[in-house]
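Residue numbers (my numbering): 49 to 970.
We put the CB at the ideal spot given by N, CA and C, even for glycine.
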Amino acid sequence: MEYNFGEIEKRWQQYWVDHQIYKVTEDKSKPKFYVLDMFPYPSGAGLHVGHPLGYIASDIFSRFKRLQGYNVLHPMGYDAYGLPAEQYAIQTGQHPSVTTQDNIVRYREQLDKIGFSYDWDREVQTCDPKYYKWTQWAFIKMFHSYYCNSEQKAKPIEELITNFEKQGTKGIDAAGTDTLEFNASEWNVMSEKEQQDVLMNYRIAYLGDTMVNWCAQLGTVLANDEVIDGVSERGGYPVEQRTMRQWLLRVSAFAQRLLEGLDTLDWSDSLKETQKNWIGRSEGAEISFTAGDDVQFDVFTTRADTIFGVTFMVLAPESELVDTLTTDEQREEVEKYINRTKKRTERERIADRSVSGVFSGAYATHPFTKQPIPIWISDYVLAGYGTGAIMAVPAHDSRDYAFAKHFNLPIIPLIEGCDVSEESFDAKEGIMINSDFMNGMTVEEAIKKGIDEVEARNLGYRKINYRLRDATFSRQRYWGEPFPIYYKDGMPYTVEEKDLPIELPEVDKFLPTETGEPPLGRAKDWTYTPVVGGDAYPLELNTMPGFAGSSAYYLRYMDPHNNDALVSADANTYWQNVDLYIGGTEHATGHLIYSRFWNKFLFDLGVSVEAEPFKKLVNQGMIQGRSNFVYRIKDTNTFVSLNLKDQYDVTPIHVDVNIVHNDVLDVDAFRNWNPEYKTAEFVLEDGKYICGWAVEKMSKSMFNVVNPDDIIERYGADTLRLYEMFLGPLEQSKPWDTNGIDGVNRFLKKVWGLFYKNNELVVTDAEPTKEELKALHKLIKKVSYDIENFSFNTSISAFMICVNELTSLKCNNKSILSELIVCLSPFAPHISEELWHAIGNTETICNAKWPEVNEEYLKEDSFSYAISFNGKARFVLEFPADATREEIEKTVMEHPNSQKWIDGKTPKKVIVVPNKIVNIVI
RNA sequence: GCUCGGAUGGUGGAAUGGUAGACACGCAAGACUUAAAAUCUUGUGACCAUAACGGUUGUGCGGGUUCAAGUCCCGCUCCGAGUACCA
49 MEYNFGEIEK RWQQYWVDHQ IYKVTEDKSK PKFYVLDMFP YPSGAGLHVG
99 HPLGYIASDI FSRFKRLQGY NVLHPMGYDA YGLPAEQYAI QTGQHPSVTT
149 QDNIVRYREQ LDKIGFSYDW DREVQTCDPK YYKWTQWAFI KMFHSYYCNS
199 EQKAKPIEEL ITNFEKQGTK GIDAAGTDTL EFNASEWNVM SEKEQQDVLM
249 NYRIAYLGDT MVNWCAQLGT VLANDEVIDG VSERGGYPVE QRTMRQWLLR
299 VSAFAQRLLE GLDTLDWSDS LKETQKNWIG RSEGAEISFT AGDDVQFDVF
349 TTRADTIFGV TFMVLAPESE LVDTLTTDEQ REEVEKYINR TKKRTERERI
399 ADRSVSGVFS GAYATHPFTK QPIPIWISDY VLAGYGTGAI MAVPAHDSRD
449 YAFAKHFNLP IIPLIEGCDV SEESFDAKEG IMINSDFMNG MTVEEAIKKG
499 IDEVEARNLG YRKINYRLRD ATFSRQRYWG EPFPIYYKDG MPYTVEEKDL
549 PIELPEVDKF LPTETGEPPL GRAKDWTYTP VVGGDAYPLE LNTMPGFAGS
599 SAYYLRYMDP HNNDALVSAD ANTYWQNVDL YIGGTEHATG HLIYSRFWNK
649 FLFDLGVSVE AEPFKKLVNQ GMIQGRSNFV YRIKDTNTFV SLNLKDQYDV
699 TPIHVDVNIV HNDVLDVDAF RNWNPEYKTA EFVLEDGKYI CGWAVEKMSK
749 SMFNVVNPDD IIERYGADTL RLYEMFLGPL EQSKPWDTNG IDGVNRFLKK
799 VWGLFYKNNE LVVTDAEPTK EELKALHKLI KKVSYDIENF SFNTSISAFM
849 ICVNELTSLK CNNKSILSEL IVCLSPFAPH ISEELWHAIG NTETICNAKW
899 PEVNEEYLKE DSFSYAISFN GKARFVLEFP ADATREEIEK TVMEHPNSQK
949 WIDGKTPKKV IVVPNKIVNI VI
């Protein structure tokens with residue numbers, strides 16, 4: 049029998065489905081292991097060869113853990129809401145759900161061919177009402193919760209209401225948009241609307257007027273992580289700042305826990321670092337300044353030590369203080385400046401870093417010296433960070449310095465010996481001068497002393513500031529989860545839980561209404577009737593953003609068909625959280641923050657049993673494209689091979705990599721590829737046309753997209769799986785290069801050849817020899833270790849070595865070969881399953897046991913010692929394993945080769961490293 | 001600017017401080033074949049040398065620690081990723 053991968057793979061894939069081999073239940077007799085891939089957005093282009101990289105790695109790991117006796121949860125699903133399907137709908141009128149379902153079918157076909165061990169009974173789709181019911185449910189819970197700072201926990205909003213009724217804001221420490229203060233009687237006389245407005249200040253899901261990233265071309269707002277370099281992540285359209293009433297999630301309240309939680313996670317340092325920076329904790333003080341007689345405002349600073357160097361203040365153009373403080377003389381000029389900055393998009397602001405600003409006409413009073421300090425307005429101060437106002441210390445902050453130089457403001461140095469004539473001295477080191485009570489202190493001491501003094505004089509207090517912003521949660525789009533919110537008297541109320549899900553309505557067009565409302569404004573009867581037979585009220589017109597559905601999907605896989613809970617306590621207690629999560633780094637500041645936030649909220653609610661969703665996270669690298677080029681001689685239809693091209697005047701042209709094999713062009717296929725090349729002539733070298741190549745992004749326009757289906761057609765899924773892993777370290781980005789795939793294909797043929805010779809099964813029950821056992825156990829040891837460390841490329845090398853050894857030993861021993869294919873089965877499940885059955889097993893190989901290493905077989909009889917002189921290895925000697933140090937030393941010294949190197953001198957020292965090396969220092 | 005990675009043959013890449021280049025691709029030679037493909041065998045960092053042995057050099061650059069450095073430490077260069085008026 050030949051190795052007929054096509055037939056084998058089809059047959060076993062069918063067998064696995066028919067016998068539900070990968071179906072998993074909560075088997076409490078076994079330890080659990082949860083392996084998860086970041087679920088894909090099913091795009092119209094289908095999978096290219098880069099997408100399955102992480103899926104293959106997680107599948108290998110899942111199968112390995114299963115063989116080790118774990119009960120492995122390994123599900124897959126689709127992140128089905130997304131802009132491309134909606135954009136397509138706008139252009140063609142095709143409903144996004146149709147496009148999405150078509151794409152899902154296509155994805156599924158492609159995934160199935162690769163031989164994954166997913167339990168498809170647990171599939172989730174974020175656009176499925178049975179799924180998004182729980183997205184809406186969580187939103188309702190967030191609406192009815194507030195965040196208690198002292199307990200660091202989300203709690204029911206009713207507790208807050210009870211407190212307000214009894215003692216107003218006294219005794220509460222809740223995260224709020226604004227700091228409010230009122231007493232019980234004030235609360236009790238408030239109207240319903242006023243009370244709702246107060247509660248909105250505390251809700252975890254809340255409506256707020258906020259600066260948002262507005263993308264006019266997409267017709268929607270975007271979250272910070274969806275904006276890259278001032279343009280939208282999807283589509284690359286310009287984004288501007290705008291104030292809008294939006295739903296937001298109070299993620300910022302969880303900042304400290306999100307930061308601390310990182311320490312408990314087995315994630316890469318760089319990813320943790322990225323999240324730390326995104327959360328952006330900074331310790332400092334909020335200090336009050338007064339302007340005139342009655343205006344008081346706060347600034348945030350991490351450098352309280354520099355308070356005596358403050359020579360001006362700066363407000364963000366969007367700051368509410370601008371209007372209050374600007375004097376009448378300056379008003380016209382200030383307004384001109386504000387209008388100018390408002391018109392600029394985020395992108396223009398990033399591109400143009402030149403200094404600009406305007407004087408407000410007002411002066412603040414220095415809290416210590418009581419000197420007047422001019423207040424300026426400039427867009428280098430951001431409204432969204434701190435208080436939107438700063439104290440400027442030009443001597444020790446480069447941005448303040450640039451501003452001071454530009455507008456000719458005074459600069460007071462505060463550190464002994466620093467030179468501020470050319471640039472600011474930003475380093476936090478040196479001895480303080482010009483600083484009253486801080487003179488003579490080090491900067492470090494002064495930072496602390498400065499804050500102490502501010503607190504002692506009641507001018508401000510210690511404060512920790514976070515860069516992490518609340519997440520905008522409204523999108524003015526059609527293709528997303530509807531909010532479970534209706535409006536009565538202009539106030540939002542949540543839909544009853546029993547009425548969930550609120551299903552996405554049909555609309556005639558997927559565009560905003562003529563009045564500028566989101567697409568849901570076109571839906572008929574888009575209302576909710578809270579009381580049967582009562583009045584109907586309008587539902588929210590916005591939909592939720594992409595990250596809504598992906599935030600808790602890992603919990604849903606544990607109990608996907610439960611219609612009474614997101615996840616049952618039973619299922620969650622068994623599966624806990626994700627042991628291994630594999631996906632791309634691009635989600636570092638989006639999904640991976642939101643998901644952690646969402647889980648912490650559910651944890652506070654008692655729904656999720658673990659404080660963190662993903663214990664270990666591995667980022668697979670990106671697969672880039674490897675483009676091929678042909679060289680056309682200018683103004684002809686003649687193409688010249690790579691190494692002859694310099695003799696002509698040529699233009700490189702991208703050529704489809706699928707008609708190139710090992711950089712050799714299939715010239716007939718090329719002539720048929722494009723009518724333009726029908727009559728192409730070639731200048732060959734050695735009878736071949738060699739193409740040039742370059743690493744580029746994988747894209748249609750570069751003709752470098754490689755489809756996994758084509759690889760499977762030609763080499764089989766097992767070869768694809770092995771080759772993707774063999775390409776290099778999992779976490780590294782690398783170009784896809786089909787050259788070299790023959791090597792792993794050859795390897796599989798050799799594995800086949802161990803079992804079959806001349807189409808006859810040749811496996812026997814003979815006793816294994818010592819050499820065979822050694823070759824096998826070397827492999828088991830290496831592969832077990834490598835899989836745990838995600839070093840799949842080196843484990844495949846180990847397989848190649850082992851199979852070569854067994855081949856040359858003419859091994860056809862059944863016990864050796866069956867253990868070999870058990871080890872191979874996570875990597876190449878189809879061929880392993882085939883051979884497993886061929887040698888007489890009736891159960892699937894997935895139920896086999898991962899073999900244990902027996903160190904006995906690995907013991908060496910002898911070791912090769914590298915004999916080196918002054919660290920430089922010169923020759924090799926063999927010693928029995930039980931040779932003593934003295935014997936080795938004696939033999940080495942008496943060896944004629946040693947005499948040559950020692951050259952009559954007396955060695956200073958001889959170092960014997962057991963089983964490895966003898967170094968003689970002369 | 002800051003943070004985090006990385007730099008090893010023609011190529012992808014291996015190396016708990018201990019014989020650098022495992023494994024694979026490619027290439028070359030040979031075997032089988034009328035021939036090609038497939039398969040198998042051998043060789044393959046560079047340089048020098050040879051009938052043969054052998055030698056020199058070598059992991060981006062410059063220093064250091066060590067009996068011994070691709071690996072550890074200090075200082076650079078270049079490349080990649082993330083992030084950025086965050087006070």
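A direct Cα-to-Cα measurement between Ser300 and Arg517 gives close to 5 Å. For the stretch 628–659, the full-length alpha helix (DSSP H) segments reaching 4 residues or more read 639–653 along the chain. Counted as a single uninterrupted DSSP element, the alpha helix (DSSP H) harbouring Arg379 occupies residues 376–391. Rounded to whole angstroms, the Cβ separation of Arg515 and Tyr433 is 7 Å, and the two are in contact under 8 Å. The stretch 890–907 makes no contact with the stretch 186–194; the number of CB pairs closer than 8 Å stays below 3.
In the assembly as shown, Phe87 is a buried residue. Its beta-carbon has 16 or more other beta-carbons within 10 Å.
Out of Tyr913, Leu802, Ala128, the CA that lies nearest to the CA of Val146 is found in Ala128. The straight-line gap separating the alpha-carbon atoms of Ile421 and Gly405 is approximately 16 Å. For the stretch 153–211, the full-length alpha helix (DSSP H) segments reaching 4 residues or more read 177–191 along the chain.
When the Cα atoms are used, Asp245 and Leu255 turn out to be separated by approximately 9 Å. Taking the Cα positions, Ala410 is about 58 Å away from Leu628. The Cβ atoms of Glu658 and Asn710 do not sit closer than 8 Å to each other.
Taking the Cα positions, Trp741 is about 6 Å away from Phe677. In chain order, Phe345, Leu363 place their CB closer than 6 Å to the CB of Leu369, counting only its own chain and leaving out the 5 sequence neighbours on each side. Leaving aside the five residues that flank Arg933 on each side, the residues in its chain whose CB is nearer than 6 Å to its CB run, in chain order, Val960. For Ala896, there is no enclosing alpha helix (DSSP H), as DSSP gives it neither H nor E. Around Lys181, the same chain offers Leu548, Pro549 as residues with beta carbons nearer than 6 Å, after the five sequence neighbours per side are excluded. By the Cβ test, the stretch 101–109 is in contact with the stretch 69–85, since at least three Cβ pairs between them sit closer than 8 Å. Around the beta carbon of Pro365, 16 or more other beta carbons lie within 10 angstroms, which makes this residue buried.
Spatial neighbours of Trp64 in its own chain (CB-CB distance under 7 Å, excluding positions within 5 residues in sequence) are listed in chain order as Tyr70. Ser91 and Pro286 have their C-alpha atoms roughly 23 Å apart. Counting along the chain, the unbroken alpha helix (DSSP H) around Val370 starts and ends at 369–373. Taking the CA atoms as reference points, Val237 sits about 29 Å from Thr577. Residue environment: Asp445 is assigned as buried (16 or more neighbouring CB atoms within 10 Å of its CB, all protein chains considered). By the criterion of a C-beta distance shorter than 6 Å, Arg170 is surrounded in its chain by Pro123, Tyr605, Pro608, once the five residues flanking it on both sides are discounted. Contact between Trp784 and Val754 holds: CB atoms are separated by about 6 Å, below the 8 Å threshold.
Contact annotation: the stretch 268–286 touches the stretch 518–526, with at least three C-beta pairs closer than 8 Å. Per DSSP, the beta bridge partners of Thr490 are Ile479.
DSSP, read as helix, strand or coil, puts Val961 in strand.
Judged by DSSP in its simplified three-state form, Phe521 adopts coil rather than helix or strand. Residue environment for Gln294: buried (at least 16 other C-beta atoms within 10 angstroms of its C-beta). Just so you know, the alpha carbons of Leu101 and Gly673 end up roughly 14 Å apart. Every beta strand (DSSP E) stretch that sits fully inside the stretch 311–349 and reaches 3 residues is listed by chain position as 330–339, 343–349.
Our two residues, Asn720 and Pro756, have alpha carbons roughly 23 Å apart in a direct line.
Each residue's CA atom was taken as its position, placing Leu131 and Val580 some 36 Å apart. Short of 7 Å from the beta carbon of Tyr622, and not among the five residues preceding or following it, lie these beta carbons of its own chain, in chain order: Glu74, Lys76, Lys80.
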